[in-house]
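Trainee: Sequential numbering from 0 applies to the sequence shown in numbering that gives the first Met the number 0.
The structure that follows is given in the form of structure tokens.
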Amino acid sequence: MNHLFKFVDNSSFSGGDIDCEPGLANAIANTVERINSGGGLGGSTAPTAEPDGNSTINVTKDFKWTKTARGSIGREGTPSIELEELYVVRPAFYSNLNLFLDQLNIGTDLVGNGLSNISKGVGFGEAGESITQVQGKVTGLLTNVQKEVQAAGSKAFKTEKQKPIKYLKAYEELYGVRRSGFNYRLPYLEDKFRSTSNTWGEDKAGVSFLEGLPLVGNIAESMKSLMKATATGVAIDYAKSFSYGGNEPEYSFSFYLDNTKDSEYGPQSMQNNIEFVTLLMYQNLPNKLNRLAFSPPVIYRAKLPGVFYFNYSYLSNITVEFVGVRREKTVRLKVAEFGKEEENIMIVPEGYKVNITLKSLLPETRNFMYASLDDKVFATQEEIVARDLENIPQPDPFALGNMDPYSTGIA
0 MNHLFKFVDN
10 SSFSGGDIDC
20 EPGLANAIAN
30 TVERINSGGG
40 LGGSTAPTAE
50 PDGNSTINVT
60 KDFKWTKTAR
70 GSIGREGTPS
80 IELEELYVVR
90 PAFYSNLNLF
100 LDQLNIGTDL
110 VGNGLSNISK
120 GVGFGEAGES
130 ITQVQGKVTG
140 LLTNVQKEVQ
150 AAGSKAFKTE
160 KQKPIKYLKA
170 YEELYGVRRS
180 GFNYRLPYLE
190 DKFRSTSNTW
200 GEDKAGVSFL
210 EGLPLVGNIA
220 ESMKSLMKAT
230 ATGVAIDYAK
240 SFSYGGNEPE
250 YSFSFYLDNT
260 KDSEYGPQSM
270 QNNIEFVTLL
280 MYQNLPNKLN
290 RLAFSPPVIY
300 RAKLPGVFYF
310 NYSYLSNITV
320 EFVGVRREKT
330 VRLKVAEFGK
340 EEENIMIVPE
350 GYKVNITLKS
360 LLPETRNFMY
370 ASLDDKVFAT
380 QEEIVARDLE
390 NIPQPDPFAL
400 GNMDPYSTGI
410 A
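Here's what the structure looks like:
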């Protein structure tokens, strides 16, 4: 019997090649290795799911979610949400450190070059330069720490180097991820195409910064008090700024999986449905590594061609409902040690209704809308070649016998 996944020992994902030489980088890396492998502190990490054969689970093409026959004109071209599953293997601290240092460097330049001249002009001598010197030392120290931390991360986290297209470089390395090996193609049957909402706010953007400066702020407050005392009403129209974030887009969709007997699909269809919903739930739960630490659920790189592209997203809701009559059945899953098959008693209904809400971790931008129109950002060269091959007319597999991997058991 074919399986979609198997469970494997988590130790294969730990950094076993980390040396024990002194230094901050190695100290961090060794600590991370022990945590990620579930070692010490009551280690209890659950096994990791891996593909057992084909890594792409193409529900749209191969599963029984519609009465329309596989390979028929009626099913051809059904829109599919493409999901590439990712493990988040690098803590946010390591990613955000670079952003913090960029801000600090910009702030140092501003204080050194801008406020130095302002302070001299209003009689504060070299105050700006002294601030610059202090910030320069802090920046230098943090830069050295950053190098050590990044060296530790490259050893311990085993992230995959991203190669973003030019217009997506701003999002490069925002999350330290590694592919899980699973890819999904899920039917999209909903009406929603696209929606956008904007907010402009933050009155007095930039003015609050000036009001916080010595002398300048006092003058501003004095002028405001004077205006209120001499006018019947005071109202100043300040330029507003665009409010970025807080409107991350999401898409909700549903589809059914039919477990009833069908000569076209055979008994493998029910097996695939059970394994798919089990895998989807399993991958979207955190994994408690020991008494202190856990690894988060997976995230996804997602695309619905021409509609949306999410560089990083997550399933904010997954609900699988029983449909119709249900029975206890013996199902064989690779849940035993070393991926061996084991019989399990499960409740199996006539069908499942799968409800999913996919939410982006980033606000919608022109960059992402353009990416949804550009096939290169998601499809690998191998996938493009495979799609070209799929467009070549092929003989009807059902006319030639049982050639489909999901139709075992056909008489």
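Yeah, the Cβ is synthetic: ideal placement off N, Cα and C, and Gly gets one too.
Keep in mind that this is a model prediction, so the values were computed, not measured.
Would you call Tyr313 buried or exposed, if buried means 16 or more other Cβ atoms sit within 10 Å of its Cβ?
Mentor: Along the sequence shown, read from residue 1 onward, the residue named residue 313 stands at position 314. Buried.
Trainee: Less than 8 Å between the beta carbons of Pro248 and Glu84, yes or no?
Mentor: Numbered from 1 along the sequence shown, position 249 holds the residue referred to as residue 248. Numbered from 1 along the sequence shown, position 85 holds the residue referred to as residue 84. Going by C-beta atoms, Pro248 is not nearer than 8 Å to Glu84.
Trainee: In the structure shown, what three-state DSSP assignment does Leu284 receive?
Mentor: The residue labelled residue 284 in the question sits at position 285 within the sequence shown. In the structure shown, Leu284 sits in coil (DSSP, three-state: anything other than H, G, I, E or B).
Trainee: Contact defined as beta carbons within less than 8 Å: I believe Ile56 pairs with Tyr183. What is the distance between those atoms, to the nearest angstrom?
Mentor: Position 57 of the sequence shown, counted from the first residue, corresponds to residue 56. Position 184 of the sequence shown, counted from the first residue, corresponds to residue 183. Rounded, the Cβ-Cβ distance is 5 Å, consistent with contact.
Trainee: Where does Thr65 fall in DSSP's three states?
Mentor: Here residue 65 is taken as the residue at index 66 of the sequence shown, counted from 1. Coil, per DSSP.
Trainee: Assuming the contact rule is C-beta atoms closer than 8 Å, Ser54 and Gly180 should be a hit. Round their C-beta distance to whole Å, please.
Mentor: Position 55 of the sequence shown, counting from 1, holds the residue named residue 54. Position 181 of the sequence shown, counting from 1, holds the residue named residue 180. At roughly 5 Å, the Cβ-Cβ gap stays under 8 Å, so Ser54 and Gly180 are in contact.
Trainee: Looking at the unbroken alpha helix (DSSP H) that takes in Ser242, where does it start and where does it end?
Mentor: As a working note, residue 242 is residue 243 in the sequence shown. Note, Ser242: premise wrong, no alpha helix (DSSP H); not H, not E.
Trainee: Take the Cβ of Phe92 as the centre, count every other Cβ of all protein chains shown within 10 Å, and call the residue buried at 16 or more, exposed below.
Mentor: Residue mapping note: residue 92 aligns to position 93 of the sequence shown, counting from 1. So Phe92 ends up on the exposed side.
Trainee: How do the segment 224-231 and the segment 162-182 stand: do at least 3 beta-carbon pairs fall below 8 Å, yes or no?
Mentor: These segments do not touch.
Trainee: Report yes or no: do three or more beta-carbon pairs, one from the segment 319-334 and one from the segment 294-309, lie closer than 8 Å?
Mentor: Verdict: no, contact absent.
Trainee: Can the beta-carbon of Leu256 be found closer than 8 Å to that of Lys60?
Mentor: As a position in the sequence shown, residue 256 is number 257, starting the count at 1. As a position in the sequence shown, residue 60 is number 61, starting the count at 1. No, Cβ-Cβ distance for Leu256 and Lys60 is not below 8 Å.
Trainee: Put Tyr93 into one of helix, strand or coil per three-state DSSP.
Mentor: Working through the sequence shown from its first residue, we reach residue 93 at position 94. Helix at Tyr93.
Trainee: Is the segment 237-254 close to the segment 353-362, with three or more CB pairs under 8 Å?
Mentor: As far as the Cβ criterion goes, the segment 237-254 touches the segment 353-362, which means the pair count is three or higher.
Trainee: Tyr86: buried (16+ other C-beta within 10 angstroms of its C-beta) or exposed?
Mentor: Within the sequence shown, residue 86 is the residue found at index 87, counting from 1. Buried is the call here.
Trainee: Who pairs with Tyr313 in a beta bridge, going by DSSP?
Mentor: Position 314 of the sequence shown holds residue 313. In DSSP, Tyr313 forms a bridge with Lys358.
Trainee: Note down the Cα distance separating Tyr237 from Gly200, rounded to an integer number of angstroms.
Mentor: Within the sequence shown, residue 237 is the residue found at index 238, counting from 1. Within the sequence shown, residue 200 is the residue found at index 201, counting from 1. Taking the straight line from one Cα to the other gives about 10 Å.
Trainee: Taking buried to mean at least 16 other C-beta atoms within 10 Å of its own C-beta, is Ala68 buried or exposed?
Mentor: Locating residue 68 in the sequence shown gives position 69, counting from the first residue. Classification of Ala68: exposed, given that the 10 Å Cβ count is below 16.
Trainee: Indicate the three-state DSSP secondary structure (helix, strand or coil) for Leu188 in the structure shown.
Mentor: Numbered from its first residue, the sequence shown carries residue 188 at position 189. Reduced to three states, the DSSP call for Leu188 is coil.
Trainee: Could you tell me the alpha carbon to alpha carbon distance between Tyr369 and Thr195, rounded to whole angstroms?
Mentor: One-based indexing of the sequence shown puts residue 369 at position 370. One-based indexing of the sequence shown puts residue 195 at position 196. If you take the alpha carbons of Tyr369 and Thr195, they lie about 15 Å apart.
Trainee: From what residue to what residue does the beta strand (DSSP E) around Leu256 run?
Mentor: Here residue 256 refers to the residue found at position 257 of the sequence shown. 249-257 is the extent of the beta strand (DSSP E) around Leu256.
Trainee: With a threshold of 7 Å, establish whether the CB of Met226 neighbours any heavy atom of the ligand NAD.
Mentor: No copy of the ligand NAD occurs in the structure displayed, which carries no ligand at all.
Trainee: Give the range of the beta strand (DSSP E) segment to which Arg193 is assigned.
Mentor: Position 194 of the sequence shown, counted from the start, is the residue given in the question as residue 193. From DSSP, Arg193 is part of no beta strand (DSSP E); its letter is neither H nor E.
Trainee: To the nearest angstrom, report how far apart Leu288 and Pro46 are at their CA atoms.
Mentor: Translated into positions along the sequence shown, residue 288 becomes position 289. Translated into positions along the sequence shown, residue 46 becomes position 47. Spanning the two alpha carbons is a distance of roughly 10 Å.
Trainee: So what's Lys352 in DSSP terms, helix, strand or just coil?
Mentor: Locating residue 352 in the sequence shown gives position 353, where the first residue counts as 1. Strand.
Trainee: Taking all protein chains shown into account, do 16 or more other C-beta atoms lie within 10 angstroms of the C-beta of Lys5, making it buried, or fewer, making it exposed?
Mentor: By one-based count along the sequence shown, residue 5 stands at place 6. Buried is the call here.
Trainee: DSSP has Glu341 in a bridge; who is on the other side?
Mentor: Against the sequence shown, residue 341 aligns to sequence position 342. Answer is Leu332, bridged to Glu341.
Trainee: Output yes or no for whether 8 Å exceeds the beta carbon distance between Asn286 and Val347.
Mentor: Along the sequence shown, one-based indexing puts residue 286 at 287. Along the sequence shown, one-based indexing puts residue 347 at 348. Not closer than 8 Å, so no.
Trainee: In its own chain, which residues sit with a C-beta less than 6 Å from the C-beta of Val384, not counting the 5 before and 5 after it?
Mentor: If you number the sequence shown from 1, residue 384 lands on position 385. The pLDDT assigned to Val384 is 46, lower than 50, so where the model puts this residue is not dependable; a value taken from the coordinates is nonetheless given after this. Excluding positions up to five away in sequence, the list is empty.
Trainee: Report the residue from Val324, Gly76, Pro296, Glu263 whose alpha carbon sits nearest the alpha carbon of Tyr311.
Mentor: For the purposes of this step, residue 311 is identified with residue 312 of the sequence shown, where counting begins at 1. Comparing Cα positions, the closest option is Pro296.
Trainee: Whose C-alpha, out of Ser371, Ala292, Phe367, Leu357, is nearest the C-alpha of Pro90?
Mentor: By 1-based counting over the sequence shown, the position of residue 90 is 91. Nearest option by C-alpha distance: Ala292.
Trainee: When burial is assigned at 16 or more other CB atoms within 10 Å of the CB, is Asn197 buried or exposed?
Mentor: Locating residue 197 in the sequence shown gives position 198, where the first residue counts as 1. By the neighbour-count rule (16 or more Cβ atoms within 10 Å), Asn197 is not buried but exposed.
Trainee: Are Val319 and Glu349 touching if we call contact CB-CB under 8 Å?
Mentor: As a position in the sequence shown, residue 319 is number 320, starting the count at 1. As a position in the sequence shown, residue 349 is number 350, starting the count at 1. Not closer than 8 Å, so no.
Trainee: Go through its chain and collect everything with a Cβ distance to Arg178's Cβ below 8 Å, but skip five positions before and after it.
Mentor: Position 179 of the sequence shown, counted from the start, is the residue given in the question as residue 178. Closer than 8 Å at the Cβ level, and outside the excluded window around Arg178, lie Glu83, Glu84, Leu85, Tyr86, Glu159.
Trainee: Counting C-beta neighbours from all protein chains within 10 Å, is the total for Ser251 16 or more, i.e. buried, or is it exposed?
Mentor: Residue 251 sits at position 252 when you count from the first residue of the sequence shown. When all chains shown are included, Ser251 counts as exposed.
Trainee: Once the 5 residues before and after Met0 are set aside, which same chain residues still bring their CB inside 8 Å of it?
Mentor: For the purposes of this step, residue 0 is taken as the residue at position 1 of the sequence shown. The residues are Gln267, Gln270, Arg331, Glu340, Thr407.
Trainee: Where do the ends of the alpha helix (DSSP H) carrying Leu372 lie?
Mentor: To locate residue 372, count along the sequence shown from 1; it is residue 373. Taken as a continuous stretch (DSSP letters only), the alpha helix (DSSP H) holding Leu372 covers 365-372.
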